[in-house]
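Undergrad:
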Ligand SMILES: *Cc1c(COP(=O)(O)O)cnc(C)c1O
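Numbering (this note's numbering), first residue to last: 4 to 296.
(1) I want to know whether the stretch 137–149 touches the stretch 106–118 - three or more CB-CB distances under 8 Å.
(2) Mind checking which residues open and close the beta strand (DSSP E) that includes residue 156?
(3) Taking 7 Å as the cut-off, is the beta-carbon of residue 296 closer than that to any non-hydrogen atom of ligand 1?
(4) Tell whether a beta-carbon distance below 8 Å holds between residue 203 and residue 72.
(5) Would you kindly report the start and end of the unbroken beta strand (DSSP E) that includes residue 17?
(6) Do the CB positions of residue 155 and residue 43 come within less than 8 Å of each other?
(7) Do residue 178 and residue 150 have their C-beta atoms within less than 8 Å of each other?
(8) Below 8 Å on the Cβ atoms is my contact criterion, and I expect residue 257 with residue 277 to pass it. Report the Cβ-Cβ distance as a whole number of Å.
(9) In whole angstroms, what is the alpha-carbon distance linking residue 296 and residue 119?
(10) State the CB to CB distance for the pair residue 260 and residue 160, rounded to an integer number of angstroms; the pair is presumed to be in contact (CB under 8 Å).
(11) The beta strand (DSSP E) spanning residue 75 covers which residue range?
(12) Rounded to a whole number of angstroms, what is the C-alpha to C-alpha distance between residue 102 and residue 230?
(13) Could you name the residues of the same chain whose beta carbon sits closer than 7 Å to that of residue 208, not counting the 5 residues immediately before and after it, in chain order?
(14) So residue 183 is in the beta strand (DSSP E); what residue range does that whole segment cover?
(15) Have a look at 74, 32, 266 and 169 and flag the residue whose alpha-carbon is nearest the alpha-carbon of residue 141.
(16) On a CA-only basis, which of 84, 89 and 49 is nearest residue 65? Give me that one, please.
(17) Mind checking whether residue 282 and residue 253 have CB atoms under 8 Å apart?
(18) Around the Cβ of residue 186, are there at least 16 other Cβ atoms within 10 angstroms (buried) or fewer (exposed)?
(19) Could you name the residues that DSSP lists as bridge partners for residue 189?
(20) As a quick exercise: from 286, 116, 145 and 262, pick the residue whose alpha carbon is nearest that of residue 220.
(21) Taking 8 Å as the CB-CB limit, is residue 222 close to chain B?
(22) Taking 8 Å as the threshold (C-beta atoms), are residue 80 and residue 48 in contact?
(23) Report all residues from its chain with a CB closer than 7 Å to the CB of residue 17; omit the five preceding and five following residues, and keep chain order.
(24) By how many angstroms is the C-alpha of residue 24 removed from the C-alpha of residue 265?
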């Protein structure tokens, strides 16, 4: 998929002035690379879509929840690459479609709503797993997703000591681990109960937790859960840095970074790169007025 023929255009945003405890803090603004195929999703999708092209598939099939960043990104990326797309959505069809589903539909995606049980057990119609359909696992999880995510680091300089990102399936973290061998990689889980996550990341990157770690202290109650404290922080962070974050992933990442820095977790000569993995569209599921942006 050639959305960015010249490679990643992601901007480095320097916020070091706000964190004198460390030498440098940069934010890699993947949220800005595309209005819809935002954040890490484009990177995770690219090699799947190349593969689908090579196999002469006509339709991309994938899975996600009604507010899924992956669903809307897949719909847009599939269309841009000349594919039809089908989204298998967790749960019954809602009376009112989320803005995420509406937007995905505008990119031509068709939907199948399946029960949570079937969704969680990967039970989908068999036809969707065979030609001319091309199946991409929920969240772009998998080897090709991780290989694509590794290319997030194609453009930025590598003289960081720490690289931190939010974790859902762990595919992005696995890709970064494969690519960045001399840095300390820090993943912050947006999920509460996912005991097999470490093992899955190890499986995807082929490396045990030597230069990487998974932190589970900042999930705020679990996936897509939040507390007033998190929302307050996200508003303050935006006022201070001008960087919007989402409440599912990047808000929790920045909160964690902030808390750890205040607690002098990092050595004073640390050079930190925070990956802004996008996902801002998910904030539309929040009650109006909570966020100042
Ligand atoms: C999907 C997503 C993640 C999680 O990526 P994984 O590769 O599944 O760990 C992180 N941040 C944002 C904004 C996302 O949309």
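Heads up, the beta-carbon is just placed ideally off N, CA and C, and yes, glycines get one too. Model, not experiment: these values are computed from the prediction.
TA: Looking at the atomic coordinates:
(1) no
(2) Membership of residue 156 in any beta strand (DSSP E) is not indicated, and neither H nor E is assigned to it by DSSP.
(3) no
(4) Not in contact: residue 203 and residue 72 (Cβ atoms no closer than 8 Å).
(5) Residue 17: member of the beta strand (DSSP E) spanning 14–17, first to last residue.
(6) yes
(7) yes
(8) 7 Å
(9) 32 Å
(10) About 19 Å separates the two Cβ atoms, so there is no contact after all.
(11) Run containing residue 75: none in the beta strand (DSSP E); it sits in the alpha helix (DSSP H), 72–83.
(12) 23 Å
(13) Excluding five sequence positions before and after residue 208, the CB atoms of its chain that fall closer than 7 Å to its own CB belong to 149, 177, 180 and 181, given in chain order.
(14) Taken as a continuous stretch (DSSP letters only), residue 183 belongs to no beta strand (DSSP E), as it is neither H nor E.
(15) 74
(16) 89
(17) yes
(18) buried
(19) 167 and 216
(20) 262
(21) The structure shown contains no chain B; it holds only a single protein chain.
(22) yes
(23) 29
(24) 8 Å
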